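In what follows, a single structure is set out as structure tokens and then discussed.
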Amino acid sequence: MAAVVMANGINANLLRRWVREAELSPVAERADALVSPRPRLS
């Protein structure tokens, strides 16, 4: 966790909160959060 915080310049408490919230959220909700839209190829 410390390496992620330092590499991304975020507050350690914020990362811990995100982890705690992710652990408490329903599985379907977490899966939706992990899906990112793919760029359109023109």
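The sequence shown runs 3 to 44 under our numbering.
Glycine included, each C-beta is placed from N, C-alpha and C at the ideal position.
Model, not experiment: these values are computed from the prediction.
Whole-Å CB distance - residue i paired with residue j, under 8 Å assumed
i, j, result
"L16", "V6", "About 11 Å; that fails the 8 Å criterion."
Cut-off 8 Å between Cβ atoms - residues of its own chain near residue i, not counting five sequence neighbours on either side
i, result
"N13", "V7"
"A4", "A14"
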